[in-house]
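Written below as structure tokens is the structure these notes are about.
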Amino acid sequence: MFLSIPAVQTRLGKIATNRLNNDFGTNINIGRVGLQFNGDVELKDIYIEDYRKDTLINIQELNTSVISFKNLYDNKFTFGDIDLEGLNFNLKTYEGEEQTNLDVFVAKFDEDNPRTEKSDFILSSSDVTISNSTFKLSDENKETDQILKFDELDINATNFLINGSDVSMRINKLAFIDARGLRMKNLKTNFLYTLQDMNFDDLEIETENSQLKGKLKFIYNGNGLKDFTNTVKLDAVFEDSNIALNDLNKFYNEFGVNQRARLNVKLSGTLNDLQADDLIVNTSRKTIVYGDINFKNLFNSEEGNFVMNANFRNLTSNHADLKALLPNVLGQSIPSTFEKLGNFKITGASQVTASEI
Numbered sequence: 031m032f033l034s035i036p037a038v039q040t041r042l043g044k045i046a047t048n049r050l051n052n053d054f055g056t057n058i059n060i061g062r063v064g065l066q067f068n069g070d071v072e073l074k075d076i077y078i079e080d081y082r083k084d085t086l087i088n089i090q091e092l093n094t095s096v097i098s099f100k101n102l103y104d105n106k107f108t109f110g111d112i113d114l115e116g117l118n119f120n121l122k123t124y125e126g127e128e129q130t131n132l133d134v135f136v137a138k139f140d141e142d143n144p145r146t147e148k149s150d151f152i153l154s155s156s157d158v159t160i161s162n163s164t165f166k167l168s169d170e171n172k173e174t175d176q177i178l179k180f181d182e183l184d185i186n187a188t189n190f191l192i193n194g195s196d197v198s199m200r201i202n203k204l205a206f207i208d209a210r211g212l213r214m215k216n217l218k219t220n221f222l223y224t225l226q227d228m229n230f231d232d233l234e235i236e237t238e239n240s241q242l243k244g245k246l247k248f249i250y251n252g253n254g255l256k257d258f259t260n261t262v263k264l265d266a267v268f269e270d271s272n273i274a275l276n277d278l279n280k281f282y283n284e285f286g287v288n289q290r291a292r293l294n295v296k297l298s299g300t301l302n303d304l305q306a307d308d309l310i311v312n313t314s315r316k317t318i319v320y321g322d323i324n325f326k327n328l329f330n331s332e333e334g335n336f337v338m339n340a341n342f343r344n345l346t347s348n349h350a351d352l353k354a355l356l357p358n359v360l361g362q363s364i365p366s367t368f369e370k371l372g373n374f375k376i377t378g379a380s381q382v383t384a385s386e387i
């Protein structure tokens, strides 16, 4: 009966978070705790502060069940199903900093954190559902600090585990509306986050107009996501994918309107030095591209420094198709004399810049 008193339950919650805060130097607060005799727990108004005393995570309501109360005391948070309502996740890189506020937060639980004993922090759940939530990624070192903002965020994940600074899960559902207008119908993947890289294995992406399949890795080697387009390396493979270029235009507005492409490719490098190997593209305008291509300065803010070096095994197209697919990047550099060629096929090496081909 004593444990059923709300004030007592809330006090127990504060004791648990105080121990966590004292052990790892965090600032985690819970507004209200509801505890049932069967182990079910209701937490309201959860607040996790970042190292700049701003919001990292805020949750309106979290419902779960505690598998072992003894493990809670040992910093092993083993839960049953977790349901989160109204999550606000603010992932941010502050001006002059290289690491995100999440990097700094999870590093507090890493075994290399300067503490007297090894970190043994674990948080796990067999099933996590998140609904009516928001995710924001921003970098104050950028000219435009907001990088991503997802509203109406809904997630279902299984085998969720935070082990020290590593985070892993199977994402069965991830849906949202991006601030640019892209609606993600669903994303599925085996996800792993470490201080060195971020992995999306067995990846399936479905928007209202596109479907992608493959795997993707972002490699940052402990340097965080600062200067993402120039320093964060990606390693990706996409197979049997069908892309609407209108979707890509929401992020990189250089493609033609109402064009589609079937895609197979291996990607490596950074976004501003991107290597596309074993590229196979078949477009809705009958253009065919087989080969290896390097793109430089795709996302560079300076005009006129785009360079594409390609080794084509087969480029079959015509002047009108190429201008329609990449009207700004290629449309200005393709000579008008190509119009007289009609349909053509090219093999061998080629270089395209903002002013010549």
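If you read the sequence shown in this note's numbering, its first letter stands for residue 31, the second for the next number, and so on. Glycine included, each C-beta is placed from N, C-alpha and C at the ideal position.
In chain order, what residues of the same chain have a beta carbon less than 6 Å from the beta carbon of residue i, not counting five sequence neighbours either side?
| i | result |
| --- | --- |
| Leu-204 | Ile-185 and Leu-217 |
| Ala-379 | Asn-341 |
| Gly-299 | Gln-305 |
| Asn-294 | Glu-269 and Ile-310 |
| Tyr-470 | Here the chain covers residues 31 to 387 and nothing more, so residue 470 does not appear. |
| Thr-259 | Leu-301, Asn-302 and Phe-329 |
| Phe-190 | Ser-155, Val-158 and Met-199 |
| Asp-111 | Asp-157 |
Is residue i helix, strand or coil when you go by DSSP?
| i | result |
| --- | --- |
| Asp-227 | strand |
| Ile-45 | helix |
| Ser-366 | helix |
| Thr-261 | helix |
| Val-287 | coil |
| Ala-137 | helix |
| Phe-329 | coil |
| Asn-324 | strand |
| Leu-222 | strand |
| Asp-53 | helix |
| Leu-117 | strand |
| Asp-175 | coil |
| Asp-111 | coil |
| Leu-65 | strand |
| Asn-131 | helix |
| Leu-356 | coil |
| Asn-276 | helix |
| Leu-301 | coil |
Can you name the residues that DSSP bridges to residue i?
| i | result |
| --- | --- |
| Ser-95 | Asp-70 |
| Arg-213 | Ile-207 |
| Gly-244 | Leu-233 and Phe-268 |
| Ser-195 | Note: Ser-195 sits in no beta bridge, so no partner. |
| Asp-351 | In the DSSP output, where bridge partners are listed per residue, Asp-351 has none listed. |
| Tyr-77 | Asn-59 and Asn-88 |
| Asn-339 | Asn-324 and Gln-381 |
| Ser-163 | Leu-183 |
With distances taken Cα to Cα, identify the nearest neighbour of residue i among the options.
| i | options | result |
| --- | --- | --- |
| Tyr-124 | Val-295, Glu-170 and Leu-242 | Glu-170 |
| Asn-302 | Ser-155, Asn-324 and Tyr-320 | Asn-324 |
| Lys-316 | Asn-373, Ser-366 and Glu-333 | Asn-373 |
| Asp-270 | Lys-166, Lys-296 and Asp-277 | Lys-296 |
| Glu-173 | Asn-330, Phe-206, Gly-252 and Leu-233 | Asn-330 |
| Pro-352 | Asp-175, Ala-291 and Glu-333 | Sequence inspection shows Leu at residue 352; the Pro mentioned does not correspond to that position. The shortest C-alpha separation from Leu-352 is found at Ala-291. |
| Asp-227 | Gly-126, Asn-251, Glu-236 and Val-197 | Asn-251 |
| Ala-137 | Leu-65, Leu-242 and Phe-54 | Phe-54 |
Short of 7 Å in beta carbon distance, which residues of its chain neighbour residue i, apart from the five on each side in sequence? Order them along the chain.
| i | result |
| --- | --- |
| Val-267 | Gly-244, Lys-245 and Lys-296 |
| Ile-376 | Phe-342 and Leu-345 |
Count the C-beta pairs between the stretch 122 to 136 and the stretch 70 to 90 that are closer than 8 Å, then say yes if the count reaches three, no if not.
-> Yes, since at least three Cβ pairs between the stretch 122 to 136 and the stretch 70 to 90 fall closer than 8 Å, the two stretches touch.
Evaluate contact between the stretch 112 to 120 and the stretch 157 to 170, counting only Cβ atoms and requiring at least three cross-stretch pairs below 8 Å.
-> Touching, per the Cβ criterion.
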